[in-house]
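S.K.:
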Amino acid sequence: MPVELLVQQPGREHLRMLHPHPRGHTTWFNKSSNSISNRINQMMYSMFRKGYPTYSVVHAEDHELWFRQFAEAYTNKKTGEIQNHVIKDIVDFVETQKEAYLASQQPISDDSPRRLQPTKLEFK
Numbered sequence: 001m002p003v004e005l006l007v008q009q010p011g012r013e014h015l016r017m018l019h020p021h022p023r024g025h026t027t028w029f030n031k032s033s034n035s036i037s038n039r040i041n042q043m044m045y046s047m048f049r050k051g052y053p054t055y056s057v058v059h060a061e062d063h064e065l066w067f068r069q070f071a072e073a074y075t076n077k078k079t080g081e082i083q084n085h086v087i088k089d090i091v092d093f094v095e096t097q098k099e100a101y102l103a104s105q106q107p108i109s110d111d112s113p114r115r116l117q118p119t120k121l122e123f124k
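Residue numbers (full-length UniProt numbering): 1 to 124.
Shown next, in the form of structure tokens:
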């Protein structure tokens with residue numbers, strides 16, 4: 001389900017929306033004491049080479065870097081398991097989307113049809 005449809009589902013009206021200049025029923029990452037929001041805010045200001053107006057226009061390599069850092073921040077270093085169930089659900093969802101995308105791609109070259117093999121993301 002696209003994010004646009006997800007946020008429009010019934011029962012979500014009480015949730016605050018993100019806006020860089022919060023007013024009314026909105027918030028921004030630095031206005032929250034939530035640890036996930038704080039981590040997102042830290043990564044937004046420290047990891048990207050330049051500012052982006054929205055996440056959807058961030059370059060693909062920055063998407064990957066940001067995702068890996070975010071997942072790594074919430075991974076238990078001893079067990080390798082993601083401790084926060086919300087973050088785990090996000091990581092699982094992104095991996096599923098990535099696998100579906102890779103499976104839908106056409107072969108890159110030569111006559112024999114081959115599919116790209118999706119792999120699990122590893123965080124070290």
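Using N, Cα and C, we set each Cβ at its ideal position, and we do this for glycine too.
Note that the structure is a prediction, hence the values are computed from the model and not measured.
Could you check if K124 is buried or exposed, using at least 16 other CB atoms within 10 Å of its CB as the buried criterion?
M.R.: Legend: pLDDT at K124 = 49, less than 50; position of this residue unreliable, value from coordinates given subsequently. So K124 ends up on the exposed side.
S.K.: Helix, strand or coil: how does DSSP classify T96 here?
M.R.: Here T96 sits in helix by DSSP.
S.K.: Compute the beta-carbon to beta-carbon distance between N76 and Q83, rounded to the nearest angstrom, for a pair I have assumed lies under 8 Å.
M.R.: Indeed, because the Cβ distance is near 5 Å, the residues count as touching under 8 Å.
S.K.: With a threshold of 16 other CB atoms inside 10 Å of the CB of V91, please say whether the residue is buried or exposed.
M.R.: V91 is buried by the Cβ-count criterion.
S.K.: What residue range is occupied by the uninterrupted alpha helix (DSSP H) comprising E72?
M.R.: From DSSP, the alpha helix (DSSP H) with E72 extends over 60-73.
S.K.: Which residues does DSSP list as the beta-bridge partners of I82?
M.R.: DSSP output for I82 lists T75 as bridge partner(s).
S.K.: Using a Cβ-Cβ cut-off of 7 Å (strictly less than) and excluding sequence neighbours within five positions of H67, which residues of its own chain qualify?
M.R.: It is worth fixing the name first, because residue 67 is Phe in this sequence and not His. These residues qualify, in order along the chain: V94.
S.K.: Quick check: is the beta carbon of G11 nearer than 9 Å to any beta carbon in chain D?
M.R.: In the structure shown, chain D cannot be found, because there is only a single protein chain.
S.K.: Where does Y55 land, buried or exposed, given buried means 16+ other C-beta within 10 angstroms?
M.R.: Per the 10 Å Cβ criterion, exposed.
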